[in-house]
Every structure is written in structure tokens, then in C-alpha cells.
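Worksheet: one structure, shown below.
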Amino acid sequence: MPKLPPSFYQQEDVVSLAKQLLGKSLFTYVDGKLAGGIITETEAYDGVADKACHAYGGRNTNRTATMFLNGGVTYVYLCYGIHHLLNVVSGTEGNPQAILIRAIEPTVGLEAMLERRKMEKLAPRITAGPGALAQALGIDRQLNAKDLSADEIWIEDAKNYEDEKIVATTRIGVAYAQEHALWPFRFYIKGNKYVSKPNS
DNA sequence: CGCCGGATGATCT
DNA sequence: GATCATCCGGCGC
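Here the first sequence is numbered in my numbering, starting from 5 and rising by one per residue.
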């Protein structure tokens, strides 16, 4: 399938886009190994008005500057000193919106992913959770601010999921965002095993 | 099973 | 010096 065009990422509504990304295919080509899968879980971060967003209130620092770029590039950063987290920058230049990719369902490069995750056999935790997913795909900050039509990391078009097949719920680990932590900005494919924290 | 805490470092105050 | 958009292993039930 073709890579998604810039116009897809530059849509205004980051929440709608977070849902549209479900079912699309994410790939990396790192250390000579192709790996990837179907995006199963996402979270929207809605720019300067969103207390959970790194760029809340217009905070534009060395780290967050990537979020202010035109949509269609990656935003990768180190979390808790250990995990790299992959986001897709959306919207247009100056509007710091992004979508955290929280889980994928592996389709290619299983051997490479098992090795990177130091796992013997396949289990959902291989790519369920943003840190796990980045490790499985060999993503680190070298891939920050990369165009999503690059040779090292890209997303290909695929199916769209109807709203009935999507669960909308609150984001993970953003209690510090107070009332904004209650916004239903996390989305995942209903019934899919590759989801970090399914609701009961 | 579920809860708890340690690992670990860039980033910003 | 505090704060994290996390993960895993260990312990107790």
C-alpha cells in the first residue's frame, strides 16, 4: 500500500486523526531489518490548550520544538530515562499537535522484534505499550523529526475503522493534567489483543 | 492474578 | 533537584 501523503497528517482535527490512524500500517527499516504492524492504539495530544500535551501553553523548547513542525513527521523522546515513545506530529506548522502510537499488531519482522525485546516467543506485550513498541521497532531519538515518508520509518495507508469498532477512553499516565486527564482522547481497536490497557 | 517499587537519564526550574 | 505520555519482576493472595 502507498505511504500516507502529507495532507493526511495535516488535518486540523487531531482527535479525528488519532482514530483514522487505527488500522494503518507502521514500518521501520533499522539495522537492515524491516519490521512493522497494524496500529491498534493511539492517543491524541491537542496542542497548546491541552494540559497533558508537552507543548501546553505554548511551551516551545529544544525537546518540544518538533511538535511545532508541519504535520507528517515523527516526534520521538525519552520517557522515564528508559523508554523511547513515538508520536506522529499532526496539523500545520506552529500548531503543536501530536498522536502517541501506543500499540501495534506485528505483521512483519517478527524475528527482529523478538530479538530486540529479548523475548523467546510471541506475546502481546511485544508491541503493546508505547515503550515496548518503540523497542521492538528499533526506534530511538535518532528517528526524531523524521519525515513519515522516509526510508527508515513510514506509515502506509490501509483500512479505516468504523466508530463502532473503536473504543474511546481516557489517556494513560496523565493524571498531572487534572481535568484534561478525563478527556476521551485514547482510542483502540475493540477486541484486539495488542492493546496496552484495555478497559475491563 | 494484582499491587508495588526500582531502573534510569534528558529536560527544565 | 524534581519530574516524568513506562515496563518488568517480585511478592502476596
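We treat Cβ as the ideally placed atom computed from N, Cα and C, and that holds for glycine.
- Cα atoms of E97 and A107: separation of roughly 26 Å, rounded to the nearest angstrom.
- Where L118 is concerned, the enclosing alpha helix (DSSP H) starts and stops at L114 to R120.
- In the structure shown, the three-state DSSP call for I86 is coil.
- Distance from the CA of K37 to the CA of I130, rounded to the nearest whole angstrom, comes to 17 Å.
- In this structure, T44 places its C-beta atom within 8 Å of the C-beta atom of Y198.
- A contact between stretches requires three or more CB pairs, one per stretch, nearer than 8 Å, and the region 110-127 fails this requirement with the region 75-87.
- For F12, the uninterrupted alpha helix (DSSP H) run begins and ends at P10 to Y13, by DSSP.
- Per DSSP, L73 lies in no beta strand (DSSP E) segment and is marked neither H nor E.
- Within the DSSP secondary-structure output, N203 pairs in no beta bridge.
- Beyond the five residues adjoining it in sequence on each side, H88 comes within less than 8 Å, by CB distance, of V80, Y81, L82, G135, A138, Q139, I143, D144 and R145 in the same chain, given in chain order.
- Excluding residues up to 5 positions away in sequence, I103 lie with their Cβ nearer than 6 Å to the Cβ of V92 in the same chain.
- Judged by DSSP in its simplified three-state form, I43 adopts strand.
- A direct Cα-to-Cα measurement between A172 and A127 gives close to 24 Å.
- In this structure, DSSP gives E183 a helical state, which the three-state scheme calls helix.
- The continuous beta strand (DSSP E) containing S29 extends over residues S29 to V34.
- The C-beta of Q182 has fewer than 16 other C-beta atoms within 10 Å across all chains shown, which makes the residue exposed.
- Under the DSSP assignment, A136 falls in the alpha helix (DSSP H) whose first and last residues are P134 to A140.
- Spatial neighbours of L186 in its own chain (CB-CB distance under 7 Å, excluding positions within 5 residues in sequence) are listed in chain order as T174.
- About 7 Å separates the CB atoms of Y13 and L152; that is less than 8 Å, so the two are in contact.
- If you check the CB distance, I176 and K201 come in under 8 Å.
- Taking the C-beta atoms as reference points, K55 is found nearer than 8 Å to H184.
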